[in-house]
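Student: Going left to right, the sequence shown walks through residues 43 to 810 as our numbering numbers them.
Idealized CB from N, CA, C, for every residue including glycine.
Mind having a look at this structure? Questions to follow.
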Amino acid sequence: MQSRSYTNLLELASGNFPVMGREREKRKMMPRVMTVPGSITELDDDQTSSVTSDNQSSLSMDRMILVANQLPLKAKRRADNKGWSFTWDEDSLLLRLKDGFPDDMEVLYVGSLNVDVDPIEQDDVAQVLLDRFGCVPTFLPPNLMEKYYDGFCKKQLWPLFHYMLPFSADHGGRFDRSMWEAYVAANKLFSQKVIEVINPEDDFVWIHDYHLMVLPTFLRRRFNRLRMGFFLHSPFPSSEIYRTLPVREEILKALLNSDLIGFHTFDYARHFLSCCSRMFGLEYQSKRGYIGLDYYGRTVGIKIMPVGIYMGQIESVMKLADKEWRVGELKQQFEGKTVLLGVDDMDVFKGINLKLLAMEQMLKVHPSWQGRAVLVQIANPARGKGGIDLEEIQVEIQESCKRINEQFGKPGYQPIVYIDTPLGINERVAYYTIAECVVVSAVRDGMNLTPYEYIVCREGISGSETGSDLSGPKKSMLVVSEFIGCSPSLSGAIRVNPWNVEATAEAMNEAISMSDSEKQFRHEKHYRYVSTHNVGYWSRSFLQDMERTCADHFRKRCWGIGLGFGFRVVSLDPNFRKLSIDDIVTAYIRAKNRAILLDYDGTVMPQNSIIKTPSREVISILNRLSGDPNNKVFIVSGRGRESLSKALAPCKKLGIAAEHGYYMRWSGDLEWETCGQSSDFGWMQMAEPVMKLYTESTDGSSIETKESALVWQYRDADPGFGFAQAKEMLDHLESVLANEPVAVKSGQYIVEVKPQVCHFLGSCFSLI
């Protein structure tokens, strides 16, 4: 792959210099369904285009477009089979995000429906949903949906993000290229729906979850300055796990086309940043509490905040009379018993059987709880087909329930109450209200809002008798896995490693044996957090960070470059001017004395080229330039003078500045000059042992010995360890060489020690 500088050198000689940007026309306010004005640049075969504007719109009509796999709607066929009936899905998190937005901000939803709409009806359905609900449906053909959602999302991304590697076809499923292509095709359909309704300079776009991870690239290719955020609701795995994905670079580059990327926990964000560092050499910076990645001049913000719950829905359910009746019924059913509760979806990562084993262990080790403690386990239906057979897990759970109940049960008492039928929120709230402790033993989960819901239900409604206790203070206890997203925010919970059954059993015993005053203190602490960090707080915080991250979008100049998932936006200072061939020719003709300084690696030679000598074409160009008596042409390089002399031997009139100007030769027939102030290199004997020490302990590093400098390179070392070693070496060398006339500097994968100030440029310009 040729570098840009090398390619430009050839184009400069031929007069074929590419135009990277054009002035954009001013945009008028666009309707929801629009034709994009402006200057269009073809990027690839599907003729996607990039629209930019150098001036921010004077009409401030901010709007939020929320994009997710599914719309927050419930759909069912009418009784007469003529048309569809739609209602809001009150359980949808997406629906409640608007609680954190300004009152005058319009919200549009883009996503698919959970029903298959006949193509003949799709236009009518789309119009109804847009007019009545502000929803823009993406209709995915059934065969595409199967490969996209049930295939790539559930069989490949979801298991991998939960740390399950596809060692065999029965565990996670091997990578299937056709499923990846379906995933890309589906994301493209979502992008087309967003493009139909977007006002690119006034709207925010917020994309949700792993189903749409490549969508940012499709939108960024079309709109360079679009304000766009992405939030991942699942875990992001460690770099060792993520890097096993065959399309790892495509997905990571697509995410980096967002302006703000959100995660529930710092662990998830840290894993993402580690992937960026190891795969692309990107390092993050923390500035005044905000984390950012510099990506081709753009700052990609990293947001860390766990999502909250919608308090209003739970509180409204708690006021219902049938809920109060159900609470009374459950209290009667479990009278005299201490209830521990588990509420989990049926999947392999929820650790339900581990919880049952911990309950069994607690009853064995603490027999006083036999006949008194009951674990109610609610197993919700699996959310998708997925790639993992659940039958084996269900059989294992049922066998554990049967064994424990046979061993410890007696007339009127069963230690395990297993509920595997769907329960509505009313029923769920009732169980929360009577439970003394909630146990979450998931081995991996993105967030898990069960503890938050439980805390709110135990608090009850002010002035009502629907709280956790009709007369006493509010109290609750939590035993939560340390591998779930909500764990860091619940400082009063007892955190456990769910794989350690004995430790989990002890934690369950500790939770239900704790004094009421301690339970009350922990409950109050949790409730303060949950009630203030609700879903509205979360969405408001994300919007504020997106506004901050995108604040300079309309100040900078942007160019979109690259094809396919290699596309990215290069963002530059507004004063930046891209040189054109006409400007160069005019200045060249007008000048009577010219200094032309060319780098060797990356300009004369392609970066990291195996071939060490320039091509005939490049040699010819250099001879033509240096043959003009009004020109003084120099090759400036960090390479040694011997290798440069050999490579550039055909260029007799070419000047060479070797080792960054320490050695200089004005032409091929003249002797080398030394530009340094000292010829004493005794400091090398002090620096080299230090470098050797770090080389021996850093696999993949090496020392390059030059005539005037020593360079320690760690390009082939582990990025994280190499960087840490380089930082330590820099301090070490500065201490050892403090009284020597040398400079110790760090660069890209190098630490260099060389003589102080060289006056090569001054010498060059003094003779022009």
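How should Phe-305 be labelled, buried or exposed, when 16 other C-beta atoms within 10 angstroms of its C-beta is the threshold for buried?
Tutor: In the sequence shown, the residue the question calls residue 305 occupies position 263. Classification of Phe-305: buried, given that the 10 Å Cβ count is 16 or more.
Student: Between Ala-535, Leu-417, Met-106, which lies nearest to Gly-142 when the distance is taken from Cα to Cα?
Tutor: To locate residue 142, count along the sequence shown from 1; it is residue 100. For Gly-142, the nearest C-alpha among the options comes from Met-106.
Student: Bridge partners for Val-385 per DSSP, in chain order?
Tutor: Position 343 of the sequence shown, counted from the start, is the residue given in the question as residue 385. Per DSSP, the beta bridge partners of Val-385 are Ile-420.
Student: Quick one: grab the DSSP three-state call for Lys-654.
Tutor: Counted from its first residue, the sequence shown places residue 654 at position 612. In the structure shown, the three-state DSSP call for Lys-654 is coil.
Student: Check for me: the alpha helix (DSSP H) holding Trp-130 runs from which residue to which?
Tutor: Within the sequence shown, numbered from 1, the residue matching residue 130 stands at position 88. Trp-130 -> not in any alpha helix (DSSP H); beta strand (DSSP E) instead, spanning 126-130.
Student: In whole angstroms, what is the alpha-carbon distance linking Ile-446 and Asn-542?
Tutor: Translated into the one-based positions of the sequence shown, residue 446 becomes position 404. Translated into the one-based positions of the sequence shown, residue 542 becomes position 500. It is roughly 19 Å from the alpha-carbon of Ile-446 to the alpha-carbon of Asn-542.
Student: What does a CB cutoff of less than 7 Å around Ile-700 pick up in its chain, not counting 5 residues either side in sequence?
Tutor: Stepping through the sequence shown from its first residue, residue 700 is reached at position 658. Just to set this straight, residue 700 is Ala in the shown sequence, not Ile. The answer, listed in chain order, is Ser-679, Arg-681, Gly-682, Arg-683, Leu-686.
Student: What are the partner residues of Cys-600, as DSSP defines its beta bridges?
Tutor: The count along the sequence shown starts at 1 and reaches residue 600 at position 558. Answer by DSSP bridge pairing, in chain order: Ser-613.
Student: To test your reading of the DSSP string, which unbroken beta strand (DSSP E) runs of 3 or more residues are found completely within the stretch 310-343?
Tutor: 326-329, 332-337
Student: Applying the 10 Å Cβ sphere with the 16-neighbour rule, what's the burial state of Asp-386?
Tutor: Stepping through the sequence shown from its first residue, residue 386 is reached at position 344. By the neighbour-count rule (16 or more Cβ atoms within 10 Å), Asp-386 is buried.
Student: Return yes when the Cβ of Ser-281 is within less than 8 Å of the Cβ of His-313, no when it is not.
Tutor: Position 271 of the sequence shown, counting from 1, holds the residue named residue 313. Position 239 of the sequence shown, counting from 1, holds the residue named residue 281. Yes; because the gap between Cβ atoms is below 8 Å, this pair is in contact.
Student: Can you say whether Ile-663 is buried or exposed, counting buried as having 16 or more other CB atoms within 10 angstroms of its CB?
Tutor: By 1-based counting over the sequence shown, the position of residue 663 is 621. Buried, because 16 or more other Cβ atoms sit within 10 Å of the Cβ of Ile-663.
Student: Classify Val-38 as buried or exposed, calling it buried when 16 or more other Cβ atoms lie within 10 Å of its own Cβ.
Tutor: The structure shown does not extend to residue 38, since the chain is modelled only from 43 to 810, so the question has no answer here.
Student: Tell me which same chain residues have a C-beta within less than 6 Å of the C-beta of Ser-100, skipping the five on either side of it?
Tutor: As a working mapping, residue 100 is identified with position 58 in the sequence shown. Below a pLDDT of 50, predicted positions are generally treated as unreliable, and Ser-100, at 31, falls in that range; the measurement from the model is reported next regardless. If we look at Ser-100 and ignore the five residues flanking it on each side, it has no Cβ neighbours.
Student: According to DSSP, Asp-674 sits in a beta bridge with which residue or residues?
Tutor: Residue numbering aside, residue 674 sits at position 632 when the sequence shown is read from its first letter. The amino acid at residue 674 is misidentified as Asp; the sequence shows Lys. Ala-637, per the DSSP bridge assignment.
Student: Do the stretch 580-590 and the stretch 239-259 meet, that is, are 3 or more Cβ pairs less than 8 Å apart?
Tutor: yes
Student: How many Å lie between Ile-162 and Gly-125 at the Cα?
Tutor: Reading the sequence shown from its first residue, position 120 is the one you call residue 162. Reading the sequence shown from its first residue, position 83 is the one you call residue 125. If you take the alpha carbons of Ile-162 and Gly-125, they lie about 11 Å apart.
Student: Excluding five sequence neighbours on each side, which residues of the same chain lie with their C-beta closer than 6 Å to the C-beta of Gln-44?
Tutor: Taking the sequence shown and counting its residues from 1, the one referred to as residue 44 is at position 2. Only weak support exists for where Gln-44 lies, its pLDDT of 46 falling under 50; the value from the coordinates is given anyway. Within the same chain, Gln-44 has close Cβ partners Pro-648.
Student: Give the DSSP-derived three-state secondary structure of Val-795 in the structure shown.
Tutor: In the sequence shown, the residue the question calls residue 795 occupies position 753. Strand, per DSSP.
Student: So, is Asp-558 buried or exposed, given that buried needs 16 or more other C-beta atoms within 10 angstroms?
Tutor: To locate residue 558, count along the sequence shown from 1; it is residue 516. Exposed, by the Cβ-count rule.
Student: Assuming Ser-533 and Lys-561 form a contact by the criterion Cβ under 8 Å, report the distance between their Cβ atoms to the nearest whole angstrom.
Tutor: Counting from one through the sequence shown, the residue named residue 533 turns up at place 491. Counting from one through the sequence shown, the residue named residue 561 turns up at place 519. That pair is no contact at about 15 Å.
Student: Taking contact to mean at least 3 C-beta pairs separated by less than 8 Å, is the stretch 347-359 in contact with the stretch 466-478?
Tutor: yes
Student: Tell me the residue span of the alpha helix (DSSP H) that contains Lys-567.
Tutor: Start at 1 with the first residue of the sequence shown, and residue 567 comes out as number 525. Element bounds for Lys-567: 558-574.
Student: What is the DSSP secondary structure of Gln-98, counted as helix, strand or coil?
Tutor: As a working note, residue 98 is residue 56 in the sequence shown. In this prediction, Gln-98 scores a pLDDT of 38, lower than 50, which makes its location untrustworthy; no coordinate-derived value is stated.
Student: Would you say the stretch 215-233 touches the stretch 191-206, given that touching needs at least three Cβ pairs under 8 Å?
Tutor: yes
Student: Looking only at C-alpha atoms, which of Glu-794, Arg-486, Ser-750 sits nearest to Met-771?
Tutor: Reading the sequence shown from its first residue, position 729 is the one you call residue 771. Checking every option, the nearest Cα to that of Met-771 belongs to Glu-794.
Student: Return yes when the Cβ of Leu-465 is within less than 8 Å of the Cβ of Ile-420, no when it is not.
Tutor: Position 378 of the sequence shown, counted from the first residue, corresponds to residue 420. Position 423 of the sequence shown, counted from the first residue, corresponds to residue 465. A contact, by the Cβ cut-off of 8 Å.
Student: Would you mind reading off the limits of the alpha helix (DSSP H) that contains Ala-751?
Tutor: Mapped onto the sequence shown, residue 751 falls at position 709. From DSSP, Ala-751 is part of no alpha helix (DSSP H); its letter is neither H nor E.
Student: May I ask which residues mark the beginning and end of the beta strand (DSSP E) holding His-250?
Tutor: Mapped onto the sequence shown, residue 250 falls at position 208. Segment 245-250, the beta strand (DSSP E) holding His-250.
Student: Use the C-beta contact count for Asn-229: other C-beta atoms within 10 angstroms, 16 or more gives buried, fewer gives exposed.
Tutor: Residue numbering aside, residue 229 sits at position 187 when the sequence shown is read from its first letter. With 16 or more neighbouring CB atoms inside 10 Å of its own CB, Asn-229 falls in the buried class.
Student: State the Cα-Cα distance for the pair Val-170 and Glu-148, rounded to the nearest angstrom.
Tutor: On the sequence shown, residue 170 is found 128 positions in, with the first residue counted as 1. On the sequence shown, residue 148 is found 106 positions in, with the first residue counted as 1. Those two C-alpha atoms are separated by around 17 Å.
Student: Check this for me: beta carbons of Tyr-352 and Val-577, under 8 Å apart or not?
Tutor: Numbered from its first residue, the sequence shown carries residue 352 at position 310. Numbered from its first residue, the sequence shown carries residue 577 at position 535. Their beta carbons are under 8 Å apart, which means Tyr-352 touches Val-577 by this criterion.
Student: Over the uninterrupted alpha helix (DSSP H) stretch that includes Glu-552, give me the two end residues.
Tutor: The residue labelled residue 552 in the question sits at position 510 within the sequence shown. 543-555 is the span of the alpha helix (DSSP H), which, as asked, contains Glu-552.
Student: So for Phe-765, helix, strand or coil by DSSP?
Tutor: By 1-based counting over the sequence shown, the position of residue 765 is 723. Helix, per DSSP.
Student: Residues in the same chain with beta-carbon distance under 7 Å from Asp-758, minus the five sequence neighbours each way, listed in chain order, please.
Tutor: Here residue 758 is taken as the residue at index 716 of the sequence shown, counted from 1. Contacts found: Gly-742.
Student: Need the endpoints of the beta strand (DSSP E) that Arg-267 sits in, please.
Tutor: Here residue 267 refers to the residue found at position 225 of the sequence shown. Neither: Arg-267 is in no beta strand (DSSP E) and is coded neither H nor E.
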